[in-house]
Amino acid sequence: TPKDVIQFRFKRSIYAWPIGIPFGPSFDAPGLNYPGHARILAPQIGYQRFWWKGVYTSVYALNAFEKYMDENNKKIGNGYTLYLDFYLGYQFNFFKGRFFFEPAIGISYWPVRTNVPETFKAVEQKWNNYFIQPGLDFGFRF
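For the sequence shown, my numbering assigns the number 23 to the initial residue and increments by one for each residue that follows.
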């Protein structure tokens with residue numbers, strides 16, 4: 023229907039610090055990163071519902087298959103993380119609805135995280151398993 027959107031995305035990412043570090047003095051501070059990094063390959067499925075004019079909510083499930091690397095770029099393990107993202111936003115349309123952008127506020131939460139190396143666990147234990155973040159999507163309708 024015009025009010026419902028199903029989305030499929032595929033993401034690839036590399037990160038070297040706990041994702042739960044909040045914005046502020048600790049964010050990107052020296053000494054808070056992992057002893058190495060993680061690489062993810064992740065299919066994501068999402069549902070978006072428009073409620074009134076351009077106001078929408080959306081939920082996404084990202085299935086991250088992770089490869090953990092040490093400081094020498096040597097593989098130390100494989101893991102899995104389920105990320106759930108929730109957004110509240112507004113869609114602005116331009117050029118008769120052909121182009122749009124969607125600013126939003128969201129929260130990412132990861133309830134399932136398996137096979138994390140002990141050296142990575144030691145770094146991320148002091149941080150939350152959620153992150154509040156801004157969002158911005160833009161697109162073109164065919």
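Ideal Cβ positions, reconstructed from N, Cα and C, are used throughout, including at glycine. Quick caveat: nothing in here was measured; it's all calculated off a predicted structure.
With at least 16 other beta carbons inside 10 angstroms of its own, Tyr-90 counts as buried. According to DSSP, residue pairing for Ile-129 in a beta bridge involves Phe-108, Ile-154. Around the beta carbon of Tyr-69, fewer than 16 other beta carbons lie within 10 angstroms, which makes this residue exposed. Annotation for Val-145: the continuous alpha helix (DSSP H) segment containing it runs 140-146. Counting C-beta pairs with one atom in each stretch, the segment 72-90 and the segment 36-52 have fewer than three that are closer than 8 Å, which means they do not touch. With contact defined as three or more Cβ pairs closer than 8 Å, the segment 55-74 and the segment 139-159 are in contact.
With distances taken between CA atoms, Phe-121 lies nearest to Phe-162 out of Lys-96, Asn-85, Phe-162.
Beta-bridge analysis with DSSP links Phe-72 to Tyr-78.
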